[in-house]
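One structure below.
In this note's numbering, the protein residues as written are 1362 to 1572.
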């Protein structure tokens, strides 16, 4: 755990940039420690692991849960029921399903569409050209609130390459009139801020290494 590091980063970043504490793999007690010093947004990538923490921490009403993992179609209902934000919507079909289930559940999750800005077989995401082509159709979907784009850069890039890809994501979000960009993790968050990120997804910088 590194609460001092969290506070140092919090004091360093611009006021329009939010920290998403990536709590996957960490215990409820560790979430409480960070929440006690003012962090209310937590990111999880496994539905069952998150659900157990959400039950344990259900009295902490100020916590906002964000889903940041690969979305499996059979888990969409659970995600819609239990998460305020969904950062990792990587296909039109999944977005349609989220829209339909949100209507049934009387929910309206805040959605960020994952975009793939460079070929990387380990990552999903919308191709930017396809996203632009589909945009009118996407905007017509009900019971979702489209708030931004999310991207994960491939590993091993230089600082300059990271900055370039993040700037592409920001430019695409601006062209679609989306306010948010969920980009930047523990290894590249400073470049993400320079490019216009509004959500940094930070895990090890806040919680330390996973056991």
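Glycine included, C-beta positions come from ideal geometry on N, C-alpha and C.
Discussion item. Rounded to whole angstroms, what is the Cα-Cα separation between residue 1511 and residue 1468?
Written reply: Position 150 of the chain shown holds residue 1511. Position 107 of the chain shown holds residue 1468. When rounded, the distance between both Cα atoms is 21 Å.
Worksheet item: Residues in its own chain within less than 6 Å of residue 1565 by CB, not counting five upstream and five downstream?
Response: Within the chain shown, residue 1565 is the residue found at index 204, counting from 1. Setting aside the 5 residues that flank it on each side, residue 1565 is surrounded in the same chain by 1547, each with a C-beta closer than 6 Å to its C-beta; the list follows chain order.
Item to complete: Give the secondary structure of residue 1562 by DSSP, where H, G and I count as helix, E and B as strand, and everything else as coil.
Response: Residue 1562 sits at position 201 when you count from the first residue of the chain shown. Here residue 1562 sits in strand by DSSP.
Worksheet item: Skipping 5 residues on each side, what residues in its chain have a beta carbon closer than 6 Å to that of residue 1398?
Response: As a first step, residue 1398 must be located in the chain shown, where it is residue number 37. Taken in chain order, the residues that qualify are 1364.
Worksheet item: In terms of residues, what are the limits of the beta strand (DSSP E) holding residue 1380?
Response: Start at 1 with the first residue of the chain shown, and residue 1380 comes out as number 19. From DSSP, the beta strand (DSSP E) with residue 1380 extends over 1379-1383.
Worksheet entry | Residue range of the unbroken beta strand (DSSP E) whose run includes residue 1447 | Looking up residue 1447 in the chain shown gives position 86. It spans 1446-1450 - the beta strand (DSSP E) in which residue 1447 sits, taken as one unbroken run.
Discussion item. For residue 1569, count the other beta carbons within 10 Å of its own beta carbon; 16 or more makes it buried, fewer makes it exposed. Which is it?
Written reply: Taking the chain shown and counting its residues from 1, the one referred to as residue 1569 is at position 208. Exposed.
Item to complete: Identify which residue in 1477, 1473, 1395 and 1443 has its Cα closest to the Cα of residue 1462.
Response: Sequence index remark: in the chain shown, residue 1462 carries index 101 (1-based). When each option's Cα is compared against that of residue 1462, the closest is 1443.
Worksheet entry | Option nearest residue 1490 by Cα separation, candidates 1537, 1567 and 1464 | To locate residue 1490, count along the chain shown from 1; it is residue 129. If we check each option's Cα against that of residue 1490, 1537 comes out closest.
Worksheet entry | Residue closest to residue 1540, alpha-carbon to alpha-carbon, out of 1473, 1485, 1395 and 1437 | On the chain shown, residue 1540 is found 179 positions in, with the first residue counted as 1. Measuring from the Cα of residue 1540, the nearest candidate turns out to be 1473.
Worksheet item: Start and end of the alpha helix (DSSP H) containing residue 1473?
Response: The residue given as residue 1473 occupies position 112 in the chain shown. Unbroken run through residue 1473 is the beta strand (DSSP E), 1471-1475; no alpha helix (DSSP H).
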